[in-house]
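Protein chains: 4
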Amino acid sequence: MMIRFGVLGAGRIGKVHARIIAASGKAKVAYLADAMPKAAADLAAEVGATVASVEDIIKAKDVDAILIATPTGTHADLIEAASNAGKPALCEKPVSLSVERIVSCLKTVDKNKSVLMIGFNRRFDPNFAALEQRIRKGDIGEVELVTIISRDPAPPPADYVKGSGGLYRDMMIHDFDMARFLVGEEFVTVHALGASLVDKAIGAAGDVDTASVQMQTASGKIAVITNSRRATYGYDQRMEVHGSKGMLRAGNVHNTTVELANGHGFLGDPVLNFFTERYGQAYANEVNTFIAAIADGKSPRPNGFDGLQAQKLADAATESWQSGKVVKVQ
Amino acid sequence: MMIRFGVLGAGRIGKVHARIIAASGKAKVAYLADAMPKAAADLAAEVGATVASVEDIIKAKDVDAILIATPTGTHADLIEAASNAGKPALCEKPVSLSVERIVSCLKTVDKNKSVLMIGFNRRFDPNFAALEQRIRKGDIGEVELVTIISRDPAPPPADYVKGSGGLYRDMMIHDFDMARFLVGEEFVTVHALGASLVDKAIGAAGDVDTASVQMQTASGKIAVITNSRRATYGYDQRMEVHGSKGMLRAGNVHNTTVELANGHGFLGDPVLNFFTERYGQAYANEVNTFIAAIADGKSPRPNGFDGLQAQKLADAATESWQSGKVVKVQ
Amino acid sequence: MMIRFGVLGAGRIGKVHARIIAASGKAKVAYLADAMPKAAADLAAEVGATVASVEDIIKAKDVDAILIATPTGTHADLIEAASNAGKPALCEKPVSLSVERIVSCLKTVDKNKSVLMIGFNRRFDPNFAALEQRIRKGDIGEVELVTIISRDPAPPPADYVKGSGGLYRDMMIHDFDMARFLVGEEFVTVHALGASLVDKAIGAAGDVDTASVQMQTASGKIAVITNSRRATYGYDQRMEVHGSKGMLRAGNVHNTTVELANGHGFLGDPVLNFFTERYGQAYANEVNTFIAAIADGKSPRPNGFDGLQAQKLADAATESWQSGKVVKVQ
Amino acid sequence: MMIRFGVLGAGRIGKVHARIIAASGKAKVAYLADAMPKAAADLAAEVGATVASVEDIIKAKDVDAILIATPTGTHADLIEAASNAGKPALCEKPVSLSVERIVSCLKTVDKNKSVLMIGFNRRFDPNFAALEQRIRKGDIGEVELVTIISRDPAPPPADYVKGSGGLYRDMMIHDFDMARFLVGEEFVTVHALGASLVDKAIGAAGDVDTASVQMQTASGKIAVITNSRRATYGYDQRMEVHGSKGMLRAGNVHNTTVELANGHGFLGDPVLNFFTERYGQAYANEVNTFIAAIADGKSPRPNGFDGLQAQKLADAATESWQSGKVVKVQ
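Chains as they are written, first to last, in our numbering: chain A, 1037 to 1366; chain B, 1037 to 1366; chain C, 1037 to 1366; chain D, 1037 to 1366.
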């Protein structure tokens, strides 16, 4: 039996998700909503769905699951609406830029005992997922030190950053989730540095474009994250975990394996340029994990709690950067 | 306007091709034939095609192009039938195990001025295609020396090799095509070595499982190819081209980028296991190249002549191995 | 004319230095002192030197330069003695574990206008030196973010750490110097994390064995350093500098280039095991830089000021770890 | 007790060897001869030796071993003289360009039961030596296929090649020795291709600058060697051995580990430029192996038989290239 999805949002990420559902062989996009009628109609035509309103989709009897890919400000309300309608939801990160709002939203989800999965897609990247499985399998013993490097190929417009919650909430939030995922414990101490070195307009807009955060768990484990809004060689996505028995790392994915050797040296390709290329397989695995979980009546991770914890770390980092002080997280 | 394909053959490769056509957005599988009714019906259901006989498909007015993925022995006849029906054809390699039959088949194609593309899929691998483009662009000056390494993960059953034409025609033929593609000249001298080191049953069946060939063009350029029917670390597919200004090479694709470091050293993943994984993108690019070419009224490469030349080299290598002598190719 | 050295200290590092001087072709070890008569005699015999007392060596008319490789507690006194005798000195790091004592020592050196070079050997590693030269040449534009990873193969005895000044002063001091060297600016903000995860006895002795520090310059540039007293795969020594035009990194040196591929994957060698192997060439280049500088009447870097600044950062990191707060450095 | 060497030849290779002996701690250069008095005097002064005539050195009572680094044409005579004087000899490759002369020379050595080691230095490269030891240890099971790539950074003057015996005897001889070393069996079938693609003057002088050879043992094992007199990216020295249980390979050594990433991609350093840099450690290990062997009264490899066999393969390759036919080797 095919799982029938209601997809909310037909923007860049909504399209990615809708196409994955349509190609999954186990689910289909039944209905689709977007504030832009043409965007909704075009995507609906492509994936064989019917355009409807958000409200109608959420209450529709022939919709089994909701995929939320609307603007951030609407996430918590739509999660609650889906939960109240008894429908499992896969929502793009973040639940909300407000930790308070996340907490109240999760109360509704808990009360309804409904399924909520949050779209931290990097957990589903085949490289990073394999790395995490090998940590859990014991390949490196006890985790001691995690290093995560994320660099975007180019900065967003300064206008964008104003509404983004800032780099720690908008960009580094993925790394906070990965750090928790890899370490398997909660971080209690957070210190952030930040600067506007790439684009002064980002600094003028009250944000940073170059940042580092170091965090520690109660048992002493350390994670170090560095971010830049610029990388001339592609979308730089690396992580390394050092443990008592060894080290595991996952490197970048290059455009091709071609290498040129001459008097300048040995030249390999730049890395894949941005997230739709780099994480195409991760998005597919994420959606298929959600489909499999609801088919089996299970609660997939990352869930609302994971969304909450990552947001708390992003808030703590933002506060640390603003105050210049170390911030404790409960 | 969608190009309507008639797909002949619903086996492993037929499926790969049919699915690519169905996902191309520019073409569809209109009809599908296979000697096994169930195989035909299942694939037809999957890609939305109608099952029909080979004869009906070739003469059908609502079929624009023929994809031939039937057993080798039928290729030449089907190419001729498609050509006589005025339909462009994409045929899996080889046209025939007999050079004489290829020549007669190509005469028909020439006479009809019909389009024929041969499925040497490796030319369309993103890595190898990029390598070739950079040779043509002049990145390494004049090509001097080509080294190709191909190793299958495991040997085929000895039964299979009996009807395969032998390793040089069955496996190394891809490398002969790549050598011609990379060098851009015809080889005139061929010498082959071979042995049965992996499975004695292969030797007993009159074939080899470990082989090398070195070839030279009239201008002196050299290509060296080594093959093995065994590789414990995956499907090994590498090539390297040395030229007057530098060297270009394309390496293997590993399962993931994860690396484990401990007292044993630094351990990376095995390489992708076999051709459907390793060349999935190559098959897609091949079919899409064919679709684009016939949409534009152009003749794509590799064509029948490329199929003929690769077969001549495979014959020469087989003869060289059998006779222990150097063989000249016209 | 050969430069005549007085070498103070015939321990592990004294031996390394004395042998480099003896092999330099431009200098020789004239005299040698050590508190252990046999150690002094053995090394003197090996390098063709005469054993003498520290005092006699420093005042000897036929000694042109002093190499100080005695225990840390004696460094400042010996630097002053050499300076007062008008002799250039190359002293192992650190000048002193007390910043106050370094300051008073450097006053003497300044007053005498004598040459003092501090043995931060990593600046002379061919890989790291090349990296720094390429930064200065402009290969990556403006430096924005430095990442340094240093991991010892195994922890020292807990007894050792008691007198060492702690990890930040004993081990990470090299990384503080490298961070300054690569960034080319002074750091003003320091935050440290630390834990005892490798050996609880180290924690009981009041020190850490796993640590991270992040620092920022007044202009916003960031450096992140992580240290561990354990690495199962060898002596891990890496650095990476991200700038406005690109990224430069220097990796580890492996035992050999041999790689084994099989069903487990592709296995490369561990990295060189510890500092005498890994930095053998760095020590040689360091000493030869000192010899060339004094032959030319120049003042080589790193000098006393570099020693002072690294010590200030080590003190700040230690204080930050102890207090849990961010520390400002003047 | 120090082994006292007589070194014959103070040219480039004589210097390399004399310095290694002088630094060995277990041997010294007692006497040194060269046709150029100044070359002999300079090197003698450097290593603390006495200049003498070849004849006097060979018969000197206070000489324990002879190192022969004179021009090729004198090797066989000097080996015989040393052997007749009862002295072990380490001779640079080749014994002679004439297989007949090698055979007669080895008869003398056999009759005298004297020690003769031939300077195939690559067996002592730490990378290649480790690779061979791991084959013998069984890491890859039975050897099936060896691939050796050797490329010089730049061609020699055409004048040089005239007296060199040609590429197969002058350059590829090292690879013939390595192929035997790695496979552990004798090759019985040889086929060579060659061309003059780098420098037409080399072709005009009757030699090739680009070449490949494939060879097979009686049991079917295959070795493929390619050579070029040109490599824009340094001295290219690689080998790979494929076996029943896996593959071992040894790569190049790069100038540094520094890598630059930017919009062009990831650029690593060229490889070490030529043999004195690339094989510095190999020469040292070779000489020290000889010293240890004669101290222990053992016969080191590679010996005269190894020199003979490599020369036979070089002759067979030359004949194959000239005749265009496959050549059998006894």
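Just so you know, even glycine gets a beta-carbon here, dropped at the ideal spot from N, CA and C.
Is DSSP giving residue i helix, strand or coil here?
{"i": "B/LYS1143", "result": "helix"}
{"i": "C/SER1248", "result": "strand"}
{"i": "A/LYS1064", "result": "strand"}
{"i": "B/GLU1128", "result": "strand"}
{"i": "C/ASN1324", "result": "helix"}
{"i": "C/THR1106", "result": "coil"}
{"i": "C/SER1232", "result": "coil"}
{"i": "D/ILE1176", "result": "coil"}
{"i": "D/GLY1333", "result": "coil"}
{"i": "A/SER1356", "result": "helix"}
{"i": "C/ASP1272", "result": "strand"}
{"i": "C/PHE1341", "result": "helix"}
{"i": "A/THR1293", "result": "coil"}
{"i": "B/LEU1308", "result": "coil"}
{"i": "D/SER1119", "result": "helix"}
{"i": "A/MET1207", "result": "coil"}
{"i": "D/PHE1212", "result": "helix"}
{"i": "D/ASN1298", "result": "strand"}
Going by the CB atoms, is the gap between residue j and residue i shorter than 7 Å?
{"i": "C/ILE1154", "j": "C/PRO1338", "result": "yes"}
{"i": "C/ILE1039", "j": "C/ILE1327", "result": "yes"}
{"i": "B/ALA1058", "j": "B/LEU1068", "result": "no"}
{"i": "C/ALA1105", "j": "C/PRO1124", "result": "no"}
{"i": "A/LEU1308", "j": "A/VAL1289", "result": "yes"}
{"i": "B/LYS1348", "j": "B/VAL1135", "result": "yes"}
{"i": "D/MET1251", "j": "D/VAL1226", "result": "yes"}
{"i": "D/CYS1141", "j": "D/ILE1115", "result": "yes"}
{"i": "D/ARG1285", "j": "C/GLU1295", "result": "yes"}
{"i": "B/VAL1362", "j": "B/ALA1352", "result": "no"}
Name the residue from the options whose alpha carbon lies nearest to the alpha carbon of residue i.
{"i": "D/GLY1122", "options": "D/GLY1333, D/VAL1219, D/THR1292", "result": "D/GLY1333"}
{"i": "B/GLY1220", "options": "B/HIS1053, B/GLY1174, B/VAL1099", "result": "B/GLY1174"}
{"i": "C/PHE1311", "options": "C/PRO1336, C/LYS1361, C/TYR1271", "result": "C/TYR1271"}
{"i": "A/ILE1261", "options": "A/PHE1217, A/VAL1182, A/VAL1244", "result": "A/VAL1182"}
{"i": "B/HIS1383", "options": "B/GLY1050, B/GLY1045, B/VAL1131", "result": "Because chain B is modelled from 1037 through 1366, residue 1383 of chain B falls outside the range shown and cannot be assessed."}
{"i": "B/GLU1180", "options": "B/GLN1169, B/LEU1218, B/PHE1156", "result": "B/LEU1218"}
{"i": "C/LEU1203", "options": "C/LEU1103, C/VAL1244, C/LEU1233", "result": "C/VAL1244"}
{"i": "C/GLN1345", "options": "C/ARG1055, C/LYS1147, C/HIS1210", "result": "C/HIS1210"}
Less than 7 Å between CB atoms is the rule here; does residue i satisfy it with respect to chain D?
{"i": "A/ALA1297", "result": "yes"}
{"i": "A/THR1310", "result": "The question names Thr, but residue 1310 of chain A is Phe in the sequence shown. So no, A/PHE1310 is outside the interface."}
{"i": "A/LEU1303", "result": "yes"}
Counting only C-beta atoms, is residue i closer than 7 Å to chain A at any point?
{"i": "D/GLY1287", "result": "no"}
{"i": "B/THR1293", "result": "yes"}
{"i": "B/LEU986", "result": "Nothing can be reported for residue 986 of chain B, as the shown portion of chain B is limited to 1037 through 1366."}
Closest Cβ-Cβ distance between residue i and chain B: below 7 Å?
{"i": "A/MET1283", "result": "yes"}
{"i": "D/LEU1229", "result": "yes"}
{"i": "D/VAL1260", "result": "yes"}
{"i": "C/PRO1306", "result": "yes"}
When you compare the CB of residue i with every CB in chain G, is at least one pair closer than 7 Å?
{"i": "A/ALA1069", "result": "Any reference to chain G falls outside this structure, whose protein chains are A, B, C and D."}
Please tell me whether residue i has its Cβ less than 7 Å away from any Cβ of chain C.
{"i": "A/GLY1256", "result": "yes"}
In the segment 1266-1281 of chain D, which residues sit with their C-beta less than 7 Å from some C-beta in chain C, listed in chain order?
-> LYS1281
What are the residues of the segment 1161-1190 of chain B that lie near chain A, defined by any Cβ-Cβ distance shorter than 8 Å?
-> PRO1162, ASN1163, ALA1166, LEU1167, ARG1170, ASP1175, ILE1176
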